[in-house]
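Visitor: Take a look at the following structure, please.
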Amino acid sequence: AGGDALLLGGDFCRPMLEEAQRKQRGRGSQIEWIECDGLELPFPDDSLDLVTTAFGFRNFANYRAALKELRRVIKPGGMLAILEFSTPPNPVFRALYRFYSGTLLPALGGWISGDRSAYTYLPDSVKKFPGAELLAAEMEAAGFTRVRFRRMTFGIVALHTGLSG
1113 AGGDALLLGG
1123 DFCRPMLEEA
1133 QRKQRGRGSQ
1143 IEWIECDGLE
1153 LPFPDDSLDL
1163 VTTAFGFRNF
1173 ANYRAALKEL
1183 RRVIKPGGML
1193 AILEFSTPPN
1203 PVFRALYRFY
1213 SGTLLPALGG
1223 WISGDRSAYT
1233 YLPDSVKKFP
1243 GAELLAAEME
1253 AAGFTRVRFR
1263 RMTFGIVALH
1273 TGLSG
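Going left to right, the sequence shown walks through residues 1113 to 1277 as my numbering numbers them.
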């Protein structure tokens, strides 16, 4: 960010914040780190210009409540951007991806790390996450306008954007 922008980083998990701070050191940007719950953000209504989340939105316990809370804190005309895993639309690639993420990744990751469960969480959480179309509809229902999504990496990932109405 340039000029007088204030960058905020938040998570409800203290160790995740500490890791983010460690990774950010020496990179030039000044970020204010806040331990907070994304379902009850400590910001006034209509106070943020942009909210982004990358590979964390699917971990919310309640997607609809999270979207409503994000809408509450984003200024009218401000943007929400969600980068998240998705289900590939091509049935052949979807089957290959599910085999890789559900079978090969846990086996290899578990063999290397000794903790197979750490590598089964990701594919399980992706399976439970709504598809790109449904997430776009949920964003619109929460009050976002001009909602769009773009699939990337053969549909394994989708970037959703919307403006606060």
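Note that CB positions come from ideal geometry on N, CA and C, so glycine has one too.
Quick one: what's residue 1163 bridged to in DSSP?
Guide: Within the sequence shown, residue 1163 is the residue found at index 51, counting from 1. Bridge partners of residue 1163 according to DSSP: 1192.
Visitor: What separation, rounded to the nearest whole angstrom, lies between the Cα atoms of residue 1220 and residue 1255?
Guide: Here the question's residue 1220 lines up with position 108 in the sequence shown. Here the question's residue 1255 lines up with position 143 in the sequence shown. Roughly 42 Å between the two C-alpha positions.
Visitor: For the beta strand (DSSP E) containing residue 1254, list its first residue and its last residue.
Guide: Along the sequence shown, one-based indexing puts residue 1254 at 142. No beta strand (DSSP E) contains residue 1254, which DSSP labels as neither H nor E.
Visitor: Tell me the DSSP secondary structure of residue 1275 in three-state form.
Guide: Here residue 1275 refers to the residue found at position 163 of the sequence shown. The answer is strand: DSSP assigns residue 1275 an E or B state.
Visitor: Assuming contact is defined by CB atoms lying nearer than 8 Å, are residue 1259 and residue 1198 in contact in what I supplied?
Guide: For the purposes of this step, residue 1259 is taken as the residue at position 147 of the sequence shown. For the purposes of this step, residue 1198 is taken as the residue at position 86 of the sequence shown. No, these two residues do not count as a Cβ contact at 8 Å.
Visitor: Please state whether DSSP places residue 1236 in a helix, a strand or coil.
Guide: Residue mapping note: residue 1236 aligns to position 124 of the sequence shown, counting from 1. Here residue 1236 sits in helix by DSSP.
Visitor: When the distance is taken between beta carbons, is residue 1165 closer than 8 Å to residue 1146?
Guide: Within the sequence shown, numbered from 1, the residue matching residue 1146 stands at position 34. Within the sequence shown, numbered from 1, the residue matching residue 1165 stands at position 53. Not closer than 8 Å, so no.
Visitor: Nearest-angstrom Cα distance between residue 1139 and residue 1129?
Guide: Sequence index remark: in the sequence shown, residue 1139 carries index 27 (1-based). Sequence index remark: in the sequence shown, residue 1129 carries index 17 (1-based). Roughly 16 Å separates the two Cα atoms.
Visitor: Could you check what DSSP says for residue 1246 in three-state terms: helix, strand or coil?
Guide: Translated into the one-based positions of the sequence shown, residue 1246 becomes position 134. In this structure, residue 1246 counts as helix in the three-state DSSP scheme.
Visitor: Taking the Cβ atom as the reference point for each residue, do residue 1192 and residue 1277 lie within a distance shorter than 8 Å?
Guide: Looking up residue 1192 in the sequence shown gives position 80. Looking up residue 1277 in the sequence shown gives position 165. 8 Å or more divides the Cβ of residue 1192 from the Cβ of residue 1277.
Visitor: Between the Cα of residue 1184 and those of 1159, 1167, 1174, spot the shortest distance and give me the residue it belongs to.
Guide: Stepping through the sequence shown from its first residue, residue 1184 is reached at position 72. Comparing Cα positions, the closest option is 1159.
Visitor: Using only the alpha-carbon positions, how far apart do residue 1216 and residue 1241 sit?
Guide: Here residue 1216 is taken as the residue at index 104 of the sequence shown, counted from 1. Here residue 1241 is taken as the residue at index 129 of the sequence shown, counted from 1. Whole-angstrom Cα-Cα distance: 21 Å.
Visitor: Taking the alpha helix (DSSP H) that residue 1181 falls in, what are its first and last residues?
Guide: Taking the sequence shown and counting its residues from 1, the one referred to as residue 1181 is at position 69. Start and end: 1175-1185.
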